[in-house]
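Visitor: Residue numbers (the working numbering), protein chains in the order written: chain A, 242 to 485; chain B, 162 to 504.
Yeah, the Cβ is synthetic: ideal placement off N, Cα and C, and Gly gets one too.
Could you have a look at this structure, given as structure tokens, before my questions?
Encoded structure:
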């Protein structure tokens, strides 16, 4: 059996998730043993239009990017969204909180804001443009989780991606709950799989892996009251990664 | 078996010698402003005056994640058998009771080699509680003291420890404590006083019935409104499960290696509050509602598990779930008492 061909493409993002793949270091040799990487701008110069698996990093912010993603989709058997920008729009959706995108352009780019390549629309996650088969969450992604998901797909097994909150891993690691310090932590509503590195480092969960499938948003008011916090405190934390 | 007394300095020397031997020693240590069991590398770091640990010592018999077997895809499989010996130092009586219950559960029916191997390799030193934690209710659950499962029982009587060896393993270890003296009646009286104080005072929440009344109470409480009321605030985050010394449910996942020909089967802690805990083949989830899952935990503790282990109630009153629950809805005492009000 010939090896599956994999292509990695980037859109609006910092390319840090691709860098996480590079950070697999010697494990990259294992990766290229089992797949043919045919395009990957960050790591090689070759390009190809023929691939089985397309891995998409970044969010979609321009007409031409949406078209490019549609072409990639039409060529790929499996399309994977890589990292928060691709899976949910990520940080790039911060601008969706403003009504006037022209104002945003001017604020960010000054007089260059009117240049044609900066003609962007409201940020979209990949699945708001094309059908996405699998999502690898996080900002950045976790390299070990990426590797496990790729290996699962290669043996025809549905990859395990948790649908439980970060609290599960946070408690298993015996971190002290941020709510004990009266801080707003998004852990109870955000998808696990990261192994809770932020609370382990003494910071709250910022929500980079997105909401669990069925978050209890109705509980917010009463629970925040118990900590003398407000729903606004919670919403402000959600803006960073989970804007609409 | 012997009952002796040792000074705190003598005990520290004993711990230091243990730590310096090739024996793995696990003990309670400070973690920021809380406590946790961890490998002990310095006798001075041991904190037998702790109130409660973040996680129970369960993690040494049933680790958060462990490999059960290594396999070849569509080929042979080889069971991984844990065989590491360790001394577990400073287990509180309520946690000992929880381990005793799990010992029964994992050895009945399908004998769980992984759990039982770990258990057989652990020497447990229990210590009576010195500092009650903010939510402990062991007194209500009759677990403020314990009378089995440990190899050594340690009680702080002020200037010294009373050390009771309960097994051959424990006796052999006690013999290595330099300066141990046979306990006098006055010492065992002091120990009794400590234990009686704990039996009365480890009770920050008071269960208004006997633990043994819980199965009958729950028999009639399936449709009680409390389940819906509480579950409205439930994040389904499973924190109550994770920190519970008697929650032993696990999930099993296969992981494949880069050669795509070999892999390992791993189990990790699961929790009945998590939304997909009861999802089975065909994607059917038979406890999809938060309230159903919320109720299930309290039924496990008060009715289902007791049905497997001669009526022993599977809540030992450590109070960890009360502290760990972000929404502050997990207190078993509060819920059981509510059921009594309207029953």
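Counting only runs that start and end within the segment 162-234 of chain B, where is the beta strand (DSSP E) found for 3 or more residues in a row?
Guide: Counting only runs of 3 or more, we get 164-168, 185-192, 195-200 and 226-233.
Visitor: Does the distance from the C-beta atom of residue 436 (chain B) to that of residue 455 (chain A) stay below 8 Å?
Guide: The residue labelled residue 436 (chain B) in the question sits at position 275 within the second chain. The residue labelled residue 455 (chain A) in the question sits at position 214 within the first chain. Yes.
Visitor: Once the 5 residues before and after residue 177 (chain B) are set aside, which same chain residues still bring their CB inside 7 Å of it?
Guide: By one-based count along the second chain, residue 177 (chain B) stands at place 16. The residues are 204.
Visitor: Between which residues of its own chain and residue 460 (chain B) is the CB-CB distance below 7 Å, once the five residues before and five after are set aside?
Guide: Here residue 460 (chain B) refers to the residue found at position 299 when the second chain is read from its first residue. If we look at residue 460 (chain B) and ignore the five residues flanking it on each side, its Cβ neighbours are 379.
Visitor: Which residues of chain A have a Cβ atom closer than 8 Å to the Cβ of residue 437 (chain B), listed in chain order?
Guide: Position 276 of the second chain holds residue 437 (chain B). Within 8 Å Cβ-Cβ: 404 and 405.
Visitor: From the DSSP secondary-structure annotation, give me the bridge partner or partners of residue 446 (chain B).
Guide: Within the second chain, numbered from 1, the residue matching residue 446 (chain B) stands at position 285. Answer is B:440, bridged to residue 446 (chain B).
Visitor: Check residue 247 (chain B) in the structure and name its three-state DSSP category.
Guide: Stepping through the second chain from its first residue, residue 247 (chain B) is reached at position 86. Three-state DSSP puts residue 247 (chain B) in a strand.
Visitor: Whether or not the segment 193-200 of chain B and the segment 216-234 of chain B are in contact is what I'm after, with contact meaning three or more pairs of Cβ atoms, one per stretch, closer than 8 Å; do they touch?
Guide: Because the criterion of three Cβ pairs below 8 Å is met, the segment 216-234 of chain B and the segment 193-200 of chain B touch.
Visitor: Please state the DSSP three-state secondary structure of residue 284 (chain B).
Guide: As a first step, residue 284 (chain B) is located in the second chain; it is residue number 123 there, counting from the start. In this structure, residue 284 (chain B) counts as strand in the three-state DSSP scheme.
Visitor: Would you check if there are 3 or more beta carbon pairs closer than 8 Å linking the segment 331-351 of chain A to the segment 392-410 of chain A?
Guide: No contact exists between the segment 331-351 of chain A and the segment 392-410 of chain A.
Visitor: Tell me whether residue 288 (chain A) sits in a helix, a strand or coil according to DSSP, three-state version.
Guide: To locate residue 288 (chain A), count along the first chain from 1; it is residue 47. If DSSP states are grouped into helix, strand and coil, residue 288 (chain A) belongs with coil.
Visitor: Leaving out five residues before and five after residue 416 (chain A) in sequence, what residues of the same chain have Cβ atoms less than 7 Å from its Cβ?
Guide: By 1-based counting over the first chain, the position of residue 416 (chain A) is 175. For residue 416 (chain A), where only same-chain residues beyond five positions count, the Cβ hits under 7 Å are 437, 440 and 441.
Visitor: Using only alpha-carbon positions, find the residue among B:188, B:162, B:397 and B:163 that is nearest to residue 173 (chain B).
Guide: Position 12 of the second chain holds residue 173 (chain B). With distances taken between Cα atoms, residue 173 (chain B) lies closest to B:188.
Visitor: Among the candidates B:409, B:408 and B:423, whose CA atom is the shortest distance from the CA of residue 415 (chain B)?
Guide: Position 254 of the second chain, counting from 1, holds the residue named residue 415 (chain B). If we check each option's Cα against that of residue 415 (chain B), B:423 comes out closest.
Visitor: Since residue 402 (chain B) contacts residue 433 (chain B) with CB under 8 Å, what's their CB separation in whole angstroms?
Guide: Within the second chain, the letter at position 241 stands for residue 402 (chain B). Within the second chain, the letter at position 272 stands for residue 433 (chain B). 6 Å between Cβ atoms; contact.
Visitor: Tell me the DSSP secondary structure of residue 404 (chain A) in three-state form.
Guide: Along the first chain, one-based indexing puts residue 404 (chain A) at 163. Looking at residue 404 (chain A) - three-state DSSP - the assignment turns out to be coil, as it is neither helix nor strand.
Visitor: What do you get for residue 283 (chain B), buried or exposed, if any count of 16 or more other CB atoms within 10 angstroms of its CB means buried?
Guide: As a working mapping, residue 283 (chain B) is identified with position 122 in the second chain. It counts as buried.
Visitor: Quick check on residue 487 (chain B) - is its C-beta less than 8 Å from some C-beta in chain A?
Guide: If you number the second chain from 1, residue 487 (chain B) lands on position 326. Taking Cβ atoms only, chain A reaches closer than 8 Å to residue 487 (chain B), which makes this a yes.
Visitor: In the structure shown, what three-state DSSP assignment does residue 304 (chain A) receive?
Guide: The residue given as residue 304 (chain A) occupies position 63 in the first chain. It is helical.
Visitor: State the start and end residues of the unbroken beta strand (DSSP E) segment that holds residue 461 (chain B).
Guide: The residue labelled residue 461 (chain B) in the question sits at position 300 within the second chain. Element bounds for residue 461 (chain B): n/a, residue is neither H nor E.
Visitor: State the CB to CB distance for the pair residue 276 (chain B) and residue 479 (chain B), rounded to an integer number of angstroms; the pair is presumed to be in contact (CB under 8 Å).
Guide: As a first step, residue 276 (chain B) is located in the second chain; it is residue number 115 there, counting from the start. As a first step, residue 479 (chain B) is located in the second chain; it is residue number 318 there, counting from the start. Going by Cβ atoms, the distance from residue 276 (chain B) to residue 479 (chain B) rounds to 20 Å, so no, they are not a contact pair.
Visitor: For the pair the segment 340-357 of chain B and the segment 322-331 of chain B, tell me if three or more CB-CB distances fall below 8 Å.
Guide: Touching, per the Cβ criterion.
Visitor: Would a C-beta distance cut-off of 8 Å place residue 246 (chain B) and residue 190 (chain B) closer than the cut-off?
Guide: What you label residue 246 (chain B) is simply residue 85 of the second chain in a count that begins at 1. What you label residue 190 (chain B) is simply residue 29 of the second chain in a count that begins at 1. Against a cut-off of 8 Å, the Cβ pair of residue 190 (chain B) and residue 246 (chain B) comes out as no contact.
Visitor: Considering only residues of the same chain and omitting the five flanking positions on each side of residue 333 (chain A), which have a CB-CB separation below 7 Å?
Guide: As a working note, residue 333 (chain A) is residue 92 in the first chain. Here the set comprises 253, 300, 302, 326 and 364.
Visitor: Does the separation of the CB atoms of residue 409 (chain A) and residue 487 (chain B) fall below 8 Å?
Guide: Here residue 409 (chain A) refers to the residue found at position 168 of the first chain. Here residue 487 (chain B) refers to the residue found at position 326 of the second chain. Contact flag unset, no.
Visitor: Check distances from the C-beta atoms of the segment 393-409 of chain B to those of chain A and list, in chain order, the residues that come in under 8 Å.
Guide: Here the close residues are 393, 394, 395, 396, 397, 398, 399, 400, 403 and 404.
Visitor: Whole angstroms are fine: how far does the CA of residue 355 (chain B) sit from the CA of residue 498 (chain B)?
Guide: The count along the second chain starts at 1 and reaches residue 498 (chain B) at position 337. The count along the second chain starts at 1 and reaches residue 355 (chain B) at position 194. Between residue 498 (chain B) and residue 355 (chain B), the C-alpha separation is close to 28 Å.
Visitor: Could you check whether the Cβ of residue 247 (chain A) sits closer than 8 Å to any Cβ belonging to chain B?
Guide: To locate residue 247 (chain A), count along the first chain from 1; it is residue 6. Residue 247 (chain A) does not count as touching chain B.
Visitor: To which residues does DSSP link residue 239 (chain B) through a beta bridge?
Guide: Position 78 of the second chain, counted from the start, is the residue given in the question as residue 239 (chain B). BP columns for residue 239 (chain B) point to B:231.
Visitor: Less than 8 Å between CB atoms is the rule here; does residue 442 (chain A) satisfy it with respect to chain B?
Guide: If you number the first chain from 1, residue 442 (chain A) lands on position 201. No, residue 442 (chain A) does not count as interfacial toward chain B.
Visitor: Using the three-state DSSP reduction, which class does residue 504 (chain B) fall into: helix, strand or coil?
Guide: Looking up residue 504 (chain B) in the second chain gives position 343. Note that residue 504 (chain B) has pLDDT 49, beneath the 50 cutoff, so the model's placement of it is unreliable and the number below is only indicative. Note: residue 504 (chain B) maps to coil in three-state DSSP.
Visitor: Where do the N-terminal and C-terminal ends of the alpha helix (DSSP H) with residue 366 (chain A) fall, by residue?
Guide: The residue you call residue 366 (chain A) lines up with position 125 of the first chain. First-last for residue 366 (chain A): undefined, no H or E at that position.
Visitor: Nearest chain A C-beta to residue 222 (chain B) closer than 8 Å, yes or no?
Guide: Looking up residue 222 (chain B) in the second chain gives position 61. Chain A contact via Cβ: absent.
Visitor: Could you list which residues in chain A have their beta carbon closer than 8 Å to that of residue 192 (chain B), in chain order?
Guide: Position 31 of the second chain, counted from the start, is the residue given in the question as residue 192 (chain B). By Cβ distance, chain A contributes 415 and 417.
Visitor: Give, in chain order, every residue of the segment 419-439 of chain A whose Cβ lies closer than 7 Å to some Cβ of chain B.
Guide: Under the 7 Å Cβ criterion, the segment 419-439 of chain A contributes 420, 429 and 430.
Visitor: Between residue 353 (chain B) and chain A, is any beta-carbon pair separated by less than 8 Å?
Guide: Within the second chain, the letter at position 192 stands for residue 353 (chain B). Not an interface residue.
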